[in-house]
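Sequential numbering from 462 applies to the sequence shown in the working numbering.
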Amino acid sequence: MISSSQQERNMYIPPKGDQQKKVSFRLTKNKIPLIVGIIMALYLGLSLVNQFNKLQLIHNDLEVMQKEVDSLKTKNQSLREELKNVQSNAYIEQVAREKLGLVKPGEKRIVPVDKNQPQIPD
């Protein structure tokens, strides 16, 4: 049997009058791990988003650099072909004839005269 003093201790006694129960935030030992866990989850989430953004930027830079490498490879190949052409005997002869005005032995050089240009009398 429960004694009357034990019953009084276990009974709920409502507050007197029209007093309302105030709600207050009490930090108990049970809530601390939950709060720490939420803070850690937020931090990890933000870190993850930040790392994905960095990864996306690196990926975009990689694509731009790959396009630039492809463009430079094409230009390099074109320059190699031009160098091969410039080093040929036919090109050297063409430049000697057109730009330097040289002729082979036995050939005669013909110089075109511009009609609009005044001529100096001999």
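C-beta atoms are modelled at their ideal positions from N, C-alpha and C, and glycine is treated no differently.
With DSSP collapsed to three states, give me the class of residue i.
i, result
"D575", "coil"
"V556", "helix"
If you follow the alpha helix (DSSP H) that residue i is in, where does it begin and where does it stop?
i, result
"S532", "492 to 547"
Could you tell me the distance, in whole angstroms, from the CA atom of residue i to the CA atom of residue j?
i, j, result
"K593", "I496", "Shown here, the chain extends from 462 to 583; a query on residue 593 therefore has no answer."
"L518", "N511", "11 Å"
"P566", "L544", "28 Å"
"V574", "A557", "20 Å"
"Q527", "S539", "18 Å"
"L503", "R541", "56 Å"
"Q438", "Q555", "As shown, the chain starts at 462 and ends at 583. That puts residue 438 outside it, with no answer to give."
"S508", "Q548", "59 Å"
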